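For reference, the structure is listed below as C-alpha cells.
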Amino acid sequence: MPWTTGPDLGIISASGIADGARRALERFRELRIPIPDNSRLERALTIVETANRDASSVSRDRLAEAIRTAYEMRWISRAFGTGDKKLSERLVNALACMLSGPDTESDDEAKLKPRSLQFELYIAALLTAGRVPVRYEEPDLLMEYLGEWVGIAVKLPRSARKVPRRIRDAADQIENRTPRGMVALNVDGLLDEATREGDDWTEIARQVDQLPELRDGLAELSKRPRIRGLLALGTGVRWLNGSDGRPRLEKLDFFKWHFLGHSDSEKQASEQFDSTFRAAFAKNASY
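Rendered as C-alpha cells:
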C-alpha cells in the first residue's frame with residue numbers, strides 16, 4: 002500500500018524519494034566514484050520501493066533510515082552540479098566509504114564511519130545550496146564565514162545524554178586544528194527521542210531546540226571565544242495513521258544556527274549571514 006511523506010517542507014512522495022536515490026547513484030557513477038557492490042544507497046532504494054508496494058513489509062526503523070540515506074545522498078550528489086568534475090582523492094574516498102556500511106546505525110565505530118561521512122557531506126551540500134563556499138578539509142569541513150575560513154567539527158550524538166560530551170569534543174577539535182570554527186551537531190537521535198504520538202513537528206522541533214543538554218552545551222561554547230556557533234541539523238521521520246487507515250510517513254528537515262556573536266558587530270553580521278544563506282537556499286531547495 003503506497004505511503005507519502007508529510008507536508009512540512011514540501012511533499013516528497015515515496016516514488017520521489019526513490020527517484021532521488023536513482024539520480025544520486027547515476028551522478029556518483031558519472032563522477033567515477035567506486036560504488037561498493039550492493040551499496041548502502043542501493044539497499045535504501047530497494048527498501049523504499051518495497052515499502053511503497055507494501056508498507057507493512059519493512060520495519061519502521063529500517064525504512065526511516067533508508068529515507069534518511071536516500072534523501073541526504075541525493076542532496077550530496079546535487080552539490081557537484083552537472084558535467085565532469087575533478088574531485089580530490091580524499092573526497093572520492095569519502096564518497097566511496099559513505100556508500101558502504103550497515104543500513105542502520107551501529108555502536109561499532111568502524112561501522113559508524115560511513116554514516117558520519119554522510120552527515121559531513123550532507124552539511125557541505127546544504128551549505129553549497131545556500132551559496133556558502135565549503136572545503137572538504139580538517140577539522141571536518143571548512144566554510145567561509147564573515148570573510149574568513151572557519152572550521153566545522155561534526156558530531157553525531159545518538160541520545161540527549163551524549164550531547165554535552167560531543168559538543169566539548171567538537172570544541173576541542175576546533176581549538177586544536179583551526180583558529181576559529183563552528184560545531185555541527187546531528188540531531189536525528191534527538192528528534193527520534195522527542196517524537197511522541199500526537200505532537201506536531203513544531204512542538205517536536207521546539208523540544209529539541211530547548212533540550213537542557215543542548216542549552217548547557219551552548220552556554221559552555223559561549224565561554225570559548227574561538228567557537229563561532231553551533232549548527233543543529235537532522236532529518237526527523239515518524240509514522241502516522243491516515244484518516245483513510247493507511248500508514249503515512251512524515252519527514253521534517255531540522256536546520257538551526259546558534260551563532261555565538263562575541264561582539265555586537267559580529268551578532269549583526271551573523272544575522273545578515275543567516276538571512277543571505279536562507280534566501281539563496283530557498284532558490285536551490287528543490288529536491
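For this note's numbering, count along the sequence shown from 1 and bump the result up by 1. C-beta: ideal position from N, C-alpha, C; glycine also. For clarity, every value in this text was computed on a predicted model and none was experimentally measured.
Practice task
Put R132 into one of helix, strand or coil per three-state DSSP.
Solution key: In this structure, R132 counts as coil in the three-state DSSP scheme.
Problem - Expected contact under 8 Å - CB spacing of A97 and A67 to nearest Å - result: Taking a contact as a CB-CB distance under 8 Å, the pair A97 and A67 does not count as one, their CB atoms being some 20 Å apart.
Exercise for the section: Reducing DSSP to helix, strand and coil, say where A71 ends up. Expected result: Helix.
Exercise for the section: With a 10 Å radius around its C-beta and 16 neighbouring C-beta atoms as the bar for buried, classify K284 as buried or exposed. Expected result: K284 is exposed by the Cβ-count criterion.
Exercise for the section: Kindly indicate the opening and closing residues of the beta strand (DSSP E) around K156. Expected result: Run containing K156: E149 to K156, per the beta strand (DSSP E) assignment.
Problem - 4-residue-minimum alpha helix (DSSP H) runs that sit fully inside the region 24-105, ordered along the chain - result: For the region 24-105, the continuous alpha helix (DSSP H) assignments of 4+ residues that do not extend past its boundaries occur at 41-54, 61-79 and 90-99, in sequence order.
Practice task
Answer yes if the region 170-186 comes into contact with the region 147-156, meaning at least three C-beta pairs across the two stretches below 8 Å, and no otherwise.
Solution key: Judged by Cβ distances under 8 Å, the region 147-156 makes contact with the region 170-186, as three or more pairs qualify.
Problem - Per-residue DSSP class, three states only, for T5 - result: In this prediction, T5 has a pLDDT of 36, which is less than 50 and means its spatial position is unreliable; nothing more can be read from the coordinates.
Handout entry: Contact belief for L127 with I36 at Cβ below 8 Å, rounded distance in angstroms
Key = Contact flag wrong, Cβ pair sits at about 23 Å.
Practice task
Measure the alpha-carbon distance for R229 versus S264 and round it to whole angstroms.
Solution key: Answer to the nearest angstrom: the Cα atoms are 11 Å apart.
Exercise for the section: State the beta-bridge partners of F260 as determined by DSSP. Expected result: Its beta-bridge partners are G230.
Problem - Contact under 7 Å by Cβ, F255 with A206 - result: Yes, they are a contact pair.
Problem - Selected residue, minimal CA-CA separation from S223, among R169, E204 and L113 - result: With distances taken between Cα atoms, S223 lies closest to R169.
Exercise for the section: Say whether the region 67-79 touches the region 45-58, bearing in mind that this needs 3 or more beta-carbon pairs closer than 8 Å, one atom from each stretch. Expected result: Contact holds: three or more Cβ-Cβ distances are below 8 Å.
Practice task
Helix, strand or coil for E145, going by three-state DSSP, please let me know.
Solution key: In the three-state reduction of the DSSP assignment, E145 falls in the strand class, which pools E and B.
Exercise for the section: Given a cut-off of 7 Å, decide if V133 and A125 are closer than it, judged by their beta-carbon atoms. Expected result: Taking 7 Å as the cut-off, the beta carbon of A125 is found no closer than this to the beta carbon of V133.
Practice task
Give a yes or no on whether the minimum CB-CB distance between K224 and chain B is below 7 Å.
Solution key: The structure shown has no chain B; it contains just one protein chain.
Exercise for the section: To the nearest angstrom, report how far apart L32 and R91 are at their CA atoms. Expected result: Those two C-alpha atoms are separated by around 14 Å.
Exercise for the section: Look at E214 and A161 and say whether their C-beta atoms are less than 7 Å apart. Expected result: In this structure, E214 sits near A161, with a CB-CB distance shorter than 7 Å.
Exercise for the section: Within its chain, find whatever has a CB closer than 6 Å to the CB of G102; leave out the 5 residues flanking it on each side and keep chain order. Expected result: Correct list, in chain order: R41, K112 and P115.
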